[in-house]
Amino acid sequence: MCGRYTFTAPRDLVKERFGVSLPNDLFATYNAAPSQLLPVITNTTPDTVQLFQWGLLPAWVKDLKTAIKPINARAETLAEKPSFRQLLQRRRCLVLADSFYEWQAPSAGSKGPKKPYRILLQNEEPFAFAGLWDQWVNRDTGEVHPTFTIITTAPNSLMQPIHARMPVILPTREAEHMWLNDTASDQDYQGLLQPYVAEQMQAYTVSTEVNSPGNNSAACAAPFIWG
Numbered sequence: 001m002c003g004r005y006t007f008t009a010p011r012d013l014v015k016e017r018f019g020v021s022l023p024n025d026l027f028a029t030y031n032a033a034p035s036q037l038l039p040v041i042t043n044t045t046p047d048t049v050q051l052f053q054w055g056l057l058p059a060w061v062k063d064l065k066t067a068i069k070p071i072n073a074r075a076e077t078l079a080e081k082p083s084f085r086q087l088l089q090r091r092r093c094l095v096l097a098d099s100f101y102e103w104q105a106p107s108a109g110s111k112g113p114k115k116p117y118r119i120l121l122q123n124e125e126p127f128a129f130a131g132l133w134d135q136w137v138n139r140d141t142g143e144v145h146p147t148f149t150i151i152t153t154a155p156n157s158l159m160q161p162i163h164a165r166m167p168v169i170l171p172t173r174e175a176e177h178m179w180l181n182d183t184a185s186d187q188d189y190q191g192l193l194q195p196y197v198a199e200q201m202q203a204y205t206v207s208t209e210v211n212s213p214g215n216n217s218a219a220c221a222a223p224f225i226w227g
């Protein structure tokens, strides 16, 4: 599962790294959480960063009160779920980030809180999660609600001691371009949904400041030594 992440790169770096135009209301976040508006690049508008709500609301949903809004989609079962399979074919996106958080449960037989970790690349550069998106239209008002979910996969060797899942980080710019390319095959897309190379990543513990989605400061991402 991926339930929190960061995107703190300066605007100029984002523009250069992804080759896109940016909205004026794109701000750094140290604790991105579900239901927030967060930056994505879609396959239909690959030259622009847009802000979509995290938590997928499929176009076919009728009752918002009972709708499940998944924040993650398992790479291994995308083809088995009709809603995800259709989005894999026609609505893919890059979810912009520069790290993510995961919580390590106490070891068997021990007590204590879950320990939060920040996981990022060794070079600390921004990257993109593989995501799916959709848009729900309010039939009464015509208002459009664009949303997204992050695809997860099995953990690499860095993540295994921390958590049983990790988000799919697309490994190269070529992989990002393929993910947004509508002419690729389902097999090509599925081939990208692999664990990132562990040796190119790093992880360190952070404080429980990150536990609350109401906290959004550099303190969430700061190293913290647990006793």
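Numbering-wise (full-length UniProt numbering), the sequence shown opens with residue 1 and increments by one. We put the beta carbon where it would ideally sit given N, CA and C, even for glycine.
CA nearest to the CA of residue i, picked from the options
{"i": "residue 161", "options": "106, 41, 136 and 30", "result": "106"}
{"i": "residue 43", "options": "32, 3, 87 and 77", "result": "87"}
{"i": "residue 203", "options": "209, 212, 96 and 222", "result": "222"}
{"i": "residue 215", "options": "30, 13, 12 and 150", "result": "30"}
{"i": "residue 182", "options": "102, 98, 119 and 92", "result": "92"}
{"i": "residue 144", "options": "45, 66, 57 and 127", "result": "57"}
{"i": "residue 158", "options": "195, 71 and 81", "result": "195"}
{"i": "residue 149", "options": "75, 27, 26 and 60", "result": "75"}
{"i": "residue 78", "options": "68, 89 and 69", "result": "89"}
{"i": "residue 5", "options": "35, 69 and 46", "result": "35"}
{"i": "residue 97", "options": "190, 205, 184 and 13", "result": "13"}
{"i": "residue 3", "options": "109, 49, 82 and 165", "result": "165"}
{"i": "residue 52", "options": "99, 142, 163 and 95", "result": "95"}
{"i": "residue 17", "options": "66, 37, 119 and 174", "result": "174"}
{"i": "residue 140", "options": "62, 134, 129 and 100", "result": "62"}
{"i": "residue 64", "options": "71, 85, 138 and 142", "result": "138"}
{"i": "residue 134", "options": "32, 70 and 1", "result": "70"}
Straight-line Cα distance separating residue j from residue i
{"i": "residue 136", "j": "residue 54", "result": "13 Å"}
{"i": "residue 131", "j": "residue 207", "result": "28 Å"}
{"i": "residue 146", "j": "residue 198", "result": "32 Å"}
{"i": "residue 201", "j": "residue 122", "result": "5 Å"}
{"i": "residue 188", "j": "residue 111", "result": "44 Å"}
{"i": "residue 212", "j": "residue 192", "result": "32 Å"}
{"i": "residue 11", "j": "residue 25", "result": "11 Å"}
{"i": "residue 225", "j": "residue 209", "result": "13 Å"}
{"i": "residue 124", "j": "residue 9", "result": "10 Å"}
{"i": "residue 21", "j": "residue 39", "result": "12 Å"}
{"i": "residue 41", "j": "residue 127", "result": "12 Å"}
{"i": "residue 218", "j": "residue 227", "result": "21 Å"}
{"i": "residue 153", "j": "residue 179", "result": "16 Å"}
{"i": "residue 270", "j": "residue 129", "result": "Only positions 1 to 227 of the chain appear in this structure, which leaves residue 270 out of reach."}
{"i": "residue 48", "j": "residue 109", "result": "49 Å"}
Which residues DSSP lists as bridging residue i, in chain order
{"i": "residue 93", "result": "42 and 131"}
{"i": "residue 121", "result": "201"}
{"i": "residue 37", "result": "53"}
{"i": "residue 73", "result": "151"}
{"i": "residue 7", "result": "29"}
{"i": "residue 228", "result": "No answer is possible for residue 228: it lies beyond the span of the chain, which begins at 1 and ends at 227."}
{"i": "residue 207", "result": "Per DSSP, none; premise fails for residue 207."}
* Is the region 115-132 touching the region 94-106 in the sense that three or more CB pairs, one from each, lie closer than 8 Å? -> As far as the Cβ criterion goes, the region 94-106 touches the region 115-132, which means the pair count is three or higher.
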